[in-house]
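Chains as they are written, first to last, in my numbering: chain A, 2 to 247; chain B, 7 to 577. Glycine residues also receive a C-beta, built at the ideal position from the N, C-alpha and C atoms.
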Ligand SMILES: Nc1ncnc2c1ncn2[C@@H]1O[C@H](COP(=O)(O)OP(=O)(O)O)[C@@H](O)[C@H]1O
Ligand SMILES: [Mg+2]
């Protein structure tokens with residue numbers, strides 16, 4: 002263990018999740034466990050359909066496991082009611098998706114501000130508006146998007162969209178960033194840019210990241226890589242990974 | 007906060023959703039226009055229905071009327087004096103009006119009303135319907151030299167010409183006297199000249215139908231049976247008789263009258279001879295008989311362009327045959343000079359009412375007790391300082407005037423059935439129109455479902471970012487409300503604009519289709535009356551908003567309940 006003295010930021014134990022498809026059950030997770038310490042960059046690797054997204058949704062409190070426990074900062078979160086989970090997600094967890102998922106009716110800046118708008122009520126938001134907008138602008142400038150503030154998602158390239166999505170995830174200053182195949186929909190070069198950005202955030206700001214991917218080359222950026230297979234998580238040897246990455 | 011931004015953005019970005027509120031817009035606009043027109047009509051109707059009635063009316067149950075109105079008034083003052091603005095008395099009696107047109111006698115049933123010119127004008131809307139400016143200021147039964155309104159002064163620029171009215175007054179009377187047309191050539195004929203003989207008896211006598219509506223009877227305060235008896239008396243005087251009579255379902259009276267059998271056999275002698283005043287020294291060119299004011303529709307024929315021709319003008323003489331008080335009633339005939347017209351645009355009134363001075367009528371009918379000099383009247387009309395207190399005053403007076411002998415009513419009680427009918431019509435129409443908006447609600451429902459399906463992913467994203475279900479619900483309800491507000495707002499503007507320009511629109515439609523939407527010959531209006539009532543408009547707009555919100559409740563609930571993970575998995 003890297004930080005034995007510290008409490009893990011995220012701990013999942015023996016997660017089970019099954020989907021019912023018609024008559025038969027699809028057992029996706031069958032006792033997956035993981036432990037992420039603050040400041041770690043963990044990658045989860047697995048084939049397509051192995052249940053990576055399912056795992057990430059459970060960790061991000063978007064869904065509840067059939068069995069098993071999830072602890073966030075030492076508190077159990079899988080049993081919380083929906084309102085508490087919504088609040089946790091809004092305040093402490095940033096999510097990045099393969100397909101960016103920006104709202105098409107809003108400009109980039111508004112998209113980035115969206116979690117903050119959700120956090121504050123109308124008057125509370127108006128009250129803090131300058132300060133919050135300032136934060137969003139700085140963040141976007143940092144990600145090189147300061148010339149795209151008032152563009153709609155359909156006017157932006159894939160790389161810009163994903164950087165916007167990352168800005169949206171970070172604007173709430175979360176303790177944990179969950180990324181689901183963040184490069185999955187990008188060409189190699191832009192993918193690399195995004196990966197560089199993530200590891201840069203990790204190194205410079207000590208951001209804790211859990212990223213899932215099917216691509217060994219992408220996974221290689223992380224400090225630690227776990228393999229998801231047959232519904233369980235196993236540590237993956239760096240050498241195997243390098244070999245797989247070529 | 008995001009809710010408001012999203013509502014706003016969705017509203018701006020989704021034009022298709024606005025299509026769903028077009029029906030709301032149209033519904034609201036139609037409802038506003040229809041209500042404005044109905045309300046305008048109703049207002050006009052009310053004004054016209056109120057006509058010559060005071061706020062509270064006290065009548066005697068007896069056909070002979072109530073004696074000594076001054077004593078009654080004294081008692082009324084004691085009871086409700088603080089509410090009273092003014093009071094007047096009147097005598098109502100069915101009568102036959104006969105006049106000559108082109109040498110032929112026309113006789114028709116009318117309601118003869120004796121009024122006190124001084125107090126009547128203060129108590130009810132009487133003076134404002136007269137057609138000479140001086141009479142509007144101060145009612146008088148004297149013939150004027152001229153100056154009668156040649157066009158309806160309330161008719162606006164489209165009021166039609168009243169042909170011949172420029173001659174009305176003394177010049178006409180002098181002309182008629184010179185032509186010796188004022189001397190009676192007795193050959194009266196009951197019924198309208200236009201109505202053809204309907205039936206012939208075996209002995210070859212022509213029969214004419216005469217109809218007396220329930221409303222007309224109501225203005226006399228008599229039942230159909232009493233009216234029938236009175237008519238028999240009157241017709242006898244005119245050498246006619248009632249061959250057949252029928253009381254209609256509405257309570258009106260239908261008569262078939264023909265010449266009296268013995269009169270038909272013998273050559274008809276002058277039926278007015280007995281009654282005609284001995285007028286050797288009467289100079290019709292310089293003198294007038296007692297004045298009478300005719301309902302204008304009795305004398306005029308209205309054309310569809312709004313202009314009018316006249317059978318009679320102020321200055322002409324007419325004969326009135328009326329029943330005396332007492333049992334059995336006898337008929338008396340008297341000559342009057344038409345001095346003005348009464349034109350309230352309420353055709354029931356305008357085609358039936360003839361006003362004469364009350365003293366003269368009381369004298370003719372023998373309503374003055376020869377010993378004591380006590381006069382009888384048919385009704386006492388009260389005008390209140392605050393018309394809204396009418397019911398209170400009525401109830402108070404009912405305590406003093408026993409129902410066995412008196413009928414105490416507000417004018418609304420009196421016109422109750424008609425008012426209720428109009429109200430009913432408005433209510434039904436509103437229900438139907440509101441159904442249109444309800445249908446629009448289903449349109450919103452459908453399009454909202456579409457939007458929810460289309461926005462499934464966005465809803466998932468918002469939830470992933472920490473939005474709670476209630477927030478999503480609020481966003482979609484707000485969106486529905488915003489759509490409703492846009493629809494109702496545009497509808498409101500459109501409706502008010504249409505109401506404002508309604509007459510121009512009606513004219514344009516008329517020109518386009520070659521068919522007049524609004525024929526002044528039928529309605530006695532030159533323009534479509536409209537009246538926008540803020541409360542009604544507010545109800546319409548609120549109703550439309552409520553429907554829009556209701557229609558979005560279901561889709562919004564669905565949006566709120568959507569499971570997040572499924573929506574995020576795929577592009
Ligand atoms: N809502 C669902 N209903 C049924 N099966 C599902 C559902 N969601 C995912 N699955 C199945 O679960 C498995 C894991 O899916 P997923 O977590 O998306 O895999 P990955 O992200 O690794 O490609 C897949 O076989 C998928 O078909
Ligand atoms: Mg996946």
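Alpha carbon to alpha carbon, how far is residue j from residue i? Give it in angstroms, no decimals.
i                      : j                      : result
residue 63 of chain B  : residue 172 of chain B : 37 Å
residue 234 of chain A : residue 452 of chain B : 46 Å
residue 373 of chain B : residue 237 of chain B : 19 Å
residue 86 of chain A  : residue 60 of chain A  : 11 Å
residue 144 of chain B : residue 152 of chain B : 16 Å
residue 88 of chain A  : residue 114 of chain A : 16 Å
residue 475 of chain B : residue 555 of chain B : 17 Å
residue 218 of chain B : residue 134 of chain B : 27 Å
residue 299 of chain B : residue 50 of chain B  : 22 Å
residue 3 of chain B   : residue 498 of chain B : Lying outside 7 to 577, the shown extent of chain B, residue 3 of chain B is not represented and no answer is given.
residue 351 of chain B : residue 33 of chain B  : 32 Å
residue 196 of chain A : residue 567 of chain B : 35 Å
residue 433 of chain B : residue 252 of chain B : 34 Å
residue 159 of chain A : residue 43 of chain A  : 24 Å
residue 544 of chain B : residue 47 of chain B  : 20 Å
In this structure, how does DSSP classify residue i when only helix, strand and coil are distinguished?
i                      : result
residue 149 of chain A : coil
residue 509 of chain B : helix
residue 361 of chain B : strand
residue 130 of chain B : coil
residue 86 of chain A  : helix
residue 42 of chain B  : helix
residue 70 of chain B  : coil
residue 111 of chain A : helix
residue 229 of chain A : strand
residue 119 of chain B : strand
residue 7 of chain A   : coil
residue 219 of chain A : helix
residue 61 of chain B  : coil
Under 6 Å Cβ to Cβ from residue i, same chain only, skipping five residues before and after it: list those, please.
i                      : result
residue 307 of chain B : 315
residue 178 of chain B : 319, 321
residue 238 of chain A : none
residue 389 of chain B : 60, 61, 91, 92, 129
Give every residue of the same chain whose Cβ lies closer than 7 Å to the Cβ of residue i, excluding the five residues on either side of it in the sequence, and list them in chain order.
i                      : result
residue 208 of chain A : 178, 202
residue 511 of chain B : 504
residue 254 of chain B : 260
residue 200 of chain B : In this predicted model, residue 200 of chain B has a pLDDT of only 41, less than 50, meaning its place in the structure is not dependable enough to derive any value.
residue 40 of chain A  : 207, 209
Closest Cβ-Cβ distance between residue i and chain A: below 8 Å?
i                      : result
residue 562 of chain B : no
residue 10 of chain B  : yes
residue 22 of chain B  : no
residue 458 of chain B : no
residue 15 of chain B  : yes
Mind pulling the chain D residues with CB within less than 8 Å of residue i?
i                      : result
residue 441 of chain B : Annotation note: the requested chain D is absent from the structure, which comprises protein chains A and B.
For a cutoff of 8 Å on Cβ pairs, would you count residue i as touching chain B?
i                      : result
residue 28 of chain A  : no
residue 98 of chain A  : yes
residue 217 of chain A : no
residue 116 of chain A : yes
residue 88 of chain A  : yes
residue 235 of chain A : no
residue 64 of chain A  : yes
residue 41 of chain A  : no
Output needed for residue i: all residues of its chain with C-beta closer than 8 Å, excluding positions within five of it in sequence on either side, in chain order.
i                      : result
residue 32 of chain A  : 15, 16, 17, 69, 232, 233
residue 470 of chain B : 570, 574
residue 397 of chain B : 416
Count Cβ pairs between the stretch 437-447 of chain B and the stretch 68-75 of chain B that sit closer than 8 Å; are there 3 or more?
No, because fewer than three Cβ pairs between the stretch 437-447 of chain B and the stretch 68-75 of chain B fall closer than 8 Å, the two stretches do not touch.
Would the stretch 79-88 of chain B and the stretch 99-114 of chain B be scored as touching if the rule is three or more Cβ pairs under 8 Å?
Short answer: they don't touch.
Assess contact between the stretch 548-556 of chain B and the stretch 47-63 of chain B, defined as three or more Cβ pairs (one per stretch) separated by less than 8 Å. Is contact present?
Short answer: they don't touch.
Between the stretch 485-505 of chain B and the stretch 100-108 of chain A, do three or more beta carbon pairs fall short of 8 Å?
In short, these stretches do not touch, since the Cβ pair count stays below three.
Given 8 Å as the limit, is there contact between the stretch 355-375 of chain B and the stretch 39-48 of chain B, that is, 3 or more CB pairs closer than that?
Put simply, the stretch 355-375 of chain B does not touch the stretch 39-48 of chain B. Fewer than three CB pairs are less than 8 Å apart.
Touching by the beta-carbon criterion (3+ pairs, under 8 Å), the stretch 321-330 of chain B and the stretch 340-348 of chain B
Three or more pairs of CB atoms, one per stretch, sit closer than 8 Å, so the stretch 321-330 of chain B contacts the stretch 340-348 of chain B.
Three or more C-beta pairs below 8 Å linking the stretch 399-409 of chain B and the stretch 108-122 of chain B:
No: the two stretches stay apart, fewer than three of their Cβ pairs being nearer than 8 Å.
Would you call the stretch 419-426 of chain B and the stretch 452-467 of chain B in contact, with 3 or more CB pairs under 8 Å?
Look at the beta carbons and you see the stretch 419-426 of chain B not touching the stretch 452-467 of chain B: under three pairs across the two are nearer than 8 Å.
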